[in-house]
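In my numbering, the protein residues as written are 4 to 456.
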């Protein structure tokens with residue numbers, strides 16, 4: 004066996020910056036600028052129902068003399084009021100329907116959250132913005148302190164100014180509302196309304212019944228990527244891990260990505276598997292699958308354990324007919340690759356890449372409809388030992404506000420331990436991993452020491 008080592012960097016949280024020393028100036032609700040139909044209930048697909056947890060996004064901006072933080076607060080608040088008219092459901096509230104045993108989204112104009120705050124630090128003082136700092140959760144607060152649980156908004160916006168004149172815009176929203184692509188369209192529309200004379204960037208399509216289950220439902224494939232629990236969980240809040248997690252970003256350079264792709268091409272040719280689709284995503288997903296499986300195997304000591312890798316796939320172009328590109332909801336489901344840890348260890352990287360690619364190809368129109376119908380019947384949820392989300396082509400960092408593009412855009416770490424992320428870096432790809440300390444140590448070991456059988 005030949006051990007191959009490649010260069011990469013791990014970015015660690017700055018333990019000195021867990022408390023950003025915030026002072027809050029505003030904490031309020033923002034309402035649509037015009038009257039909306041506050042008696043409307045928005046249908047939520049089974050995919051929407053399965054994603055009942057919060058995600059937090061952060062945009063950091065350099066100081067702009069034309070747009071000091073106070074001006075940004077005013078302009079952004081007005082933009083939110085305007086965008087909540089076509090996006091009235093974002094100002095709504097989730098309610099459990101006991102008759103249908105489903106979540107309903109009541110578009111009751113109860114409001115979105117808005118917070119204005121200031122930090123005692125400058126942007127330079129809080130350190131490397133790439134660092135997966137749990138302290139950044141303070142920049143995208145999920146709840147308003149003066150409201151009861153049932154009155155909490157589904158989306159909270161926050162502007163935090165730093166003493167250097169720079170600022171951050173944080174968005175915390177329930178994943179039920181939007182997936183990554185729909186979220187990017189929403190942020191583009193929000194940014195457009197912060198200008199004085201710009202129209203909406205995209206007209207959203209709100210018809211979520213396009214992803215409704217069939218009647219009667221028909222399960223035509225096995226779905227190991229979906230879990231049927233003892234009691235129905237579809238629509239229920241997804242809870243995070245109770246054990247302490249470590250957070251690290253691993254920076255894979257473009258030369259490392261190309262090295263891995265070349266390795267997979269060479270291995271595929273040697274095994275007469277020239278048809279393997281070797282993309283940057285497939286190679287990195289295979290890399291994460293191997294390292295996560297082997298690190299868990301090291302901790303548990305069971306090489307016969309089956310490790311399932313799931314990764315989100317956009318469905319918009321995979322259905323027949325295709326969904327409108329401006330579909331505003333969750334149009335993602337997990338593809339999967341699954342194998343025993345001992346096989347994952349001995350197989351060449353190209354074999355794992357092939358299985359990742361096969362998982363994506365499996366997501367046909369009929370397979371997707373079968374999965375949606377499975378959720379309708381079994382009331383379960385997506386499940387994998389590792390669930391990967393890619394921001395490589397999402398383009399959240401490309402959103403242009405009146406004060407310009409962001410200095411940096413990132414996801415805020417959470418306690419959903421099975422999740423990991425890929426997002427673009429100036430010279431390659433960043434991989435965000437969140438695992439218990441012992442397993443994280445083994446993950447880093449396997450990432451540094453690729454084994455080519």
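Here a beta-carbon is modelled for each residue, glycine too, at the ideal position from N, C-alpha and C.
Since this is a predicted model, take the numbers as computed values, not measurements.
One thing to note: residue 119 has its Cβ no nearer than 7 Å to the Cβ of residue 35.
Judged by their CB atoms, residue 25 and residue 138 are not nearer to each other than the 7 Å cut-off. In the DSSP annotation of this structure, residue 22 is not part of any alpha helix (DSSP H), being labelled neither H nor E. For residue 428, the uninterrupted beta strand (DSSP E) segment begins and ends at 422-428. Closest option to residue 394, judged by alpha-carbon separation, among 376, 433, 243, 43: 433. The bridge partners DSSP lists for residue 384 are 230.
Excluding sequence positions up to five before and after residue 431, its CB lies within less than 7 Å of the CB of 254, 255, 256, 257, 259, 260, all in the same chain and listed in chain order.
Under DSSP, residue 99 shares a beta bridge with 106.
Runs of the beta strand (DSSP E) spanning 3 or more residues and lying entirely within the region 285-324 occur at 309-317, in chain order.
A Cβ-Cβ separation of about 4 Å places residue 360 in contact with residue 280 under the 8 Å criterion. Using a Cβ-Cβ distance cut-off of 8 Å, the region 338-358 and the region 287-298 are in contact, since at least three pairs of beta carbons, one from each stretch, lie closer than that value.
Of 135, 214, 403, 319, the smallest CA-CA separation from residue 248 is found for 135. Of 453, 193, 76, 313, the smallest CA-CA separation from residue 85 is found for 193. Counting along the chain, the unbroken alpha helix (DSSP H) around residue 76 starts and ends at 72-86. Each residue's CA atom was taken as its position, placing residue 371 and residue 407 some 39 Å apart.
Taking C-alpha positions only, residue 380 is separated from residue 46 by approximately 17 Å.
Here residue 337 is bridged, per DSSP, to 315. For the pair residue 111 and residue 41, the CB atoms are nearer than the 7 Å cut-off. Exposed is the label assigned to residue 429, since fewer than 16 other Cβ atoms lie within 10 Å of its Cβ. Secondary structure of residue 149 (DSSP, three-state): coil. Checking the DSSP bridge columns, you'll see residue 449 has no partner listed. Taking residue 67 as the centre and dropping the five residues before and after it, the same chain places the C-beta of 406 closer than 6 Å to its C-beta, in chain order. By the neighbour-count criterion, in which a residue is buried when 16 or more other Cβ atoms sit within 10 angstroms of its Cβ, residue 72 is buried. Between residue 142 and residue 157 a beta carbon distance of about 19 Å is seen, past the 8 Å cut, so the two are scored as non-contacting. Of the residues 251, 383, 327, the one whose Cα lies closest to the Cα of residue 442 is 251.
Take the alpha-carbon of residue 365 and the one of residue 338: they are about 8 Å apart. Annotation for residue 373: 222, 223, 224 place their beta carbon closer than 6 Å to its own, counting only its chain and skipping 5 residues before and after. Between residue 411 and residue 165 a beta carbon distance of about 13 Å is seen, past the 8 Å cut, so the two are scored as non-contacting.
Counting only the Cα atoms, residue 449 lies some 39 Å from residue 169. Looking only at 123, 33, 65, 106, the smallest Cα-Cα distance to residue 79 is reached by 33. Beta-bridge analysis with DSSP links residue 267 to no other residue.
Residue 174 is positioned such that its CB atom lies closer than 7 Å to that of residue 60. Cβ-Cβ separation between residue 319 and residue 330: approximately 6 Å, consistent with a contact (criterion under 8 Å).
Residue 92 is classed as buried because its beta carbon has at least 16 other beta carbons within 10 Å across all chains shown.
Here residue 452 is exposed. Its C-beta has fewer than 16 other C-beta atoms within 10 Å. Contact between residue 384 and residue 229 holds, since their C-beta atoms are separated by about 7 Å, short of 8 Å.
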